[in-house]
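First residue of the sequence shown? That's 1 in UniProt numbering, and the numbers climb one at a time after it. Note that the Cβ used here is the ideal one computed from N, Cα and C, for glycine as well. All remarks here apply to the structure that follows.
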Amino acid sequence: MGKQTETPPSDPDAGSDGSLRGGLRVTLVAVSVAVLSVVLPVALVSDVTDAARSDAWIVTLLIMIYGGVRLSATWVSGRPRLFDFFFWLFTYIFMGLGPTVQIRADAVSTTTPGIDSGWDLPTAGVVALGIGCYEIARAVALVVERTRPRRAGAAPRPVSPVRAAMLIAVGLAVSAYFVVQMGPAAALGSREAAFAAREARWPDPAVRSVMYAAAVYPLLIATGALAQLRRLAASRAARISVTVAALLAAAVLLLVVNPIASARYTFGTVAFALAVYAGAMVTRARARLTMLLAIVAFLFVFPIADAFRTDEVRVNRSSFFGEYLANPDYDAFWQVANALSFWVDGLVQPMRQLLGSILFWVPRAVWPDKPTDTGIVLAEYRGYSFDNLSAPVWAEALVNGGVVAVVVVFVALGVALRAMDRRIVLAFAAGGVWAIVGAVLPVYMTILMRGSLLQATGATTVMIVCLILISGAAGRDPDRTDDGAGSGDPQLGAALAVPGDRALDAGAETDPRRPAGRAEQTDIQ
């Protein structure tokens, strides 16, 4: 059985040494803010000459500075509020850093040419409006959580071993079929070769997208299910067998999704999820390190990660800020500008694009005028020859309902992401299906935020179906309140802490008044 233990006074994370711990935390926050919100912005303004395109860079720079503060507070806390973390990581880079460089240098993304500079400031205003609505809604949700009375909460929803076994079998079969159909050489070759092989095998884009999602995400969710079942193993032999199965599934998964042939977002999603499955969020120190590494990867690895993914290796790279100049990877801000222009021109058909995303599974033979990707819609509107463009959440909202939709969408995001963060913080400590959700969906949210929504809906649906499939029956834990403090379930307790580290204390997530180090759960299997 699980047991409640008192943290000894000598524990460095215990309340008795709170001043030192608090001092270290303040120092880390100060250093992180200094780098993300002071050094990088100052270096940007110093290194990138202002071409006098517009003054919108001031707004995007402020977004970058504020985003750096929010990111710093999140990763230093060690609380894996990953939905909020990835929201701000995307915002910092794609709505702050990237557009600031491009506006100052007048080096707009090469895939979105010809945007009048008069749209820059209104676009920055729309982006800031969405961020403000998100922050206000999240703050209100937090206040409501803190003021409502405690009540008995649901026990963690466990993973069903039988259905997990079914999913692992299906996932392995589909992934193996995918690799065979493409050919191992194409699967492990350059990104162009892999895409050409998929296009030749599945000419229809919708079918191709679904096949790729089916080859990746069922196996990814199944691997997470095995990681959870490993915690439930009643014997050493059972634990070893589940571990071997999980490693096999991960190996097959990395044949389908590898850093050479796969999109960077997809590989990043898989790599991050596997790290979380391996225990990257079990303790605060690990969560802190993992989030810090994610920031470093997005800032320094992502811009150059395509150097070896083409038939012609490109190793001559420019400066740090030079990577953002006219780079089509950072077209998100400009697509918001195009969407704003689309709305101002009166071309919005309310909710049409959203309906197309929801009904992505309907064949075009049945629905001939089914909406295309929002990125394609905006490319056609602007007369671009290249239409594989992003459509970030701001743009999706604008083409579905204008500025009012931006407000509604970001208010909903603020409430929903806060609620899901609360669930996954508890789940990383207690286990269950929500721990798998927390490993996969927050990092995948960067794909959803970049868009187009229609492109990402199929994979999202596949993941949700798989998560529902492996879910066991949930019960009520009379000893567990909705702040996460529980009776110490012997099968779903927190993993043993690494010496000198501190396991995540789920109870502190919603009740900061609870003394540190009290009634921690341990797994004594």
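Can you grab the Cα-Cα spacing for the pair residue i / residue j, in whole Å?
i	j	result
ALA459	THR269	12 Å
ALA251	LEU220	11 Å
VAL162	LEU441	23 Å
GLY346	LEU82	37 Å
ARG138	SER241	43 Å
ALA196	LEU274	27 Å
VAL257	LEU172	13 Å
ALA200	TYR212	13 Å
GLY383	ARG53	22 Å
GLU509	VAL282	In this predicted model, GLU509 has a pLDDT of only 46, less than 50, meaning its place in the structure is not dependable; the value taken from the coordinates is given anyway. If I take the Cα positions, the gap works out to 14 Å.
MET463	ARG422	20 Å
TRP57	SER209	36 Å
TYR217	LEU454	17 Å
residue 532	LEU62	One cannot answer for residue 532 here, as it falls past the ends of the chain, which runs 1 to 525.
VAL244	PRO184	23 Å
THR112	ASP369	25 Å
ALA43	PHE386	33 Å
ALA429	LEU292	20 Å
VAL39	ALA222	42 Å
ALA141	LEU97	28 Å
LEU253	GLY23	43 Å
ASP116	THR457	31 Å
VAL443	ALA194	23 Å
GLY375	THR27	43 Å
PHE300	ALA234	43 Å
LEU289	LEU467	27 Å
Report, in whole angstroms, the separation of the C-beta atoms of residue i and residue j, which I expect to be a contact under 8 Å.
i	j	result
VAL126	VAL76	Actually they are not in contact, since the Cβ atoms of VAL126 and VAL76 sit about 30 Å apart, beyond 8 Å.
GLY432	ARG284	The Cβ separation is near 20 Å, so there is no contact.
VAL399	VAL377	7 Å
LEU167	ILE470	6 Å
ASP84	THR100	Between THR100 and ASP84 the Cβ distance is about 22 Å, and since that is not below 8 Å, they are no contact.
ALA214	VAL159	Not confirmed; about 20 Å, so no contact.
MET95	ALA379	MET95 to ALA379, Cβ: 20 Å. No contact.
ALA246	ARG230	7 Å
Between the beta-carbon of residue i and the beta-carbon of residue j, is there less than 9 Å?
i	j	result
ARG157	GLY472	yes
GLY451	GLN335	yes
ALA287	PHE272	no
SER46	LEU71	no
PHE410	ILE93	no
ASN327	THR110	yes
LEU36	VAL69	yes
ALA391	ASP373	yes
ALA427	ALA416	no
VAL393	MET449	yes
VAL348	GLY402	yes
ARG191	ALA297	no
PRO80	VAL425	yes
ILE447	TYR330	no
MET420	PHE87	no
ARG418	GLU145	yes
Any heavy atom of the ligand COA closer than 8 Å to the Cβ of residue i?
i	result
ARG25	In the structure shown, the ligand COA is absent, as is every other ligand, since no ligand is present at all.
Only counting the same chain, and skipping five residues up and downstream in sequence, which positions put a Cβ closer than 6 Å to that of residue i?
i	result
THR91	GLY67
PRO371	ARG352, GLN353, GLY356
VAL362	none
PRO107	The sequence as given places Ala at residue 107; Pro does not occur at that position. Answer for ALA107: LEU325, ALA326, listed in chain order.
PRO303	GLU323
ILE65	SER37, PRO41
GLY224	TYR277, ILE436, ALA439
GLN181	ARG201
ASN338	LEU378, ARG382
Spatial neighbours of residue i within its chain, please: C-beta separation below 7 Å, excluding the five flanking residues on both sides.
i	result
VAL48	VAL101, ARG104, ALA105, PHE321
LEU340	TRP119, PRO122, THR123, VAL126, LEU398
residue 562	Since the first and last residues shown for the chain are 1 and 525, residue 562 lies out of range.
PHE178	MET211, ALA215, VAL256
Can you give me the Cβ contacts of residue i inside the same chain, cut-off strictly under 8 Å, excluding the 5 residues immediately before and after it?
i	result
GLU135	GLY414
Could I get the ranges of all uninterrupted alpha helix (DSSP H) runs contained in the stretch 42-117, with 4 residues as the minimum, in chain order? Listed in chain order, the alpha helix (DSSP H) elements of length 4 or more contained wholly in the stretch 42-117 are 56-77, 82-90, 98-105.
Runs of 4 residues minimum, wholly inside the stretch 212-273: which ones carry the alpha helix (DSSP H) assignment? Entirely contained in the stretch 212-273, the alpha helix (DSSP H) runs reaching 4 residues are, in chain order, 236-256.
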